[in-house]
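Okay, structure first, notes after.
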Amino acid sequence: PAVDLAGTRLYCVHGSPRSVREDVLATTPDHELEAWTRHLEFDVLACGHTHVSMVRRLAGRWVVNVGSAGQPFAAPYAGEGSPVILPFFEYAIVRGGRGGPSVELRRVPAERAVVERATRDSRMPHAEAWLAQWRW
């Protein structure tokens with residue numbers, strides 16, 4: 025069910041309402057997205073999975089991809105090669121209220137030295153390859 029934000033119904037999914045691995049993109053045709061959401065009660069649909077922020081309107085409702093707080097991609101990843109990671113932390117602010125919902129995308133610059141140090145200190149496998157994907 026949707027979460028109530030001061031009268032705004034916020035429905036959250038990872039990918040699409042149908043699958044955690046399905047993308048909701050700016051280019052997803054309206055008729056497809058309407059079919060996926062026809063049975064849902066929401067004013068704002070918040071998605072993720074693609075690591076690419078986006079806001080669009082759909083039949084008087086909002087659809088937002090919140091981006092990624094840790095790895096925002098330059099474009100949706102098609103599964104070939106490596107994604108390009110942008111040097112930002114992205115998120116969305118969704119508000120409800122008398123005037124209806126509002127959606128605001130935010131982006132905060134990542135500090136290269138901090139990201140590099142934290143990555144190396146984490147001892148994650150393939151840290152250098154992952155850092156090479158960032159576009160500073």
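Heads up, the numbering used here is the position in the sequence shown plus 24, with the first residue counted as 1. Glycine residues also receive a C-beta, built at the ideal position from the N, C-alpha and C atoms.
Point to revise | Neighbour-count burial assignment, G70, 16 or more Cβ in a 10 Å radius | key: Residue identity differs from the one stated: residue 70 is Ala in this sequence, not Gly. Per the 10 Å Cβ criterion, buried.
Review point. Residues in its own chain within less than 8 Å of H38 by CB, not counting five upstream and five downstream?
Key: V44, C71, G72, H73
Exercise for review: Return the CA-CA distance between R130 and A98, expressed in angstroms with no decimal places.
Suggested key: 15 Å
**Study point:** Reference L29; option with closest CA among D67, D145, R81
**Key:** D67
Point to revise | Bounding residues of the beta strand (DSSP E) (the contiguous stretch that carries D54) | key: It is not in any beta strand (DSSP E) - D54 instead sits in the alpha helix (DSSP H) that spans 54-61.
Point to revise | DSSP state of T32 mapped onto helix, strand, coil | key: strand
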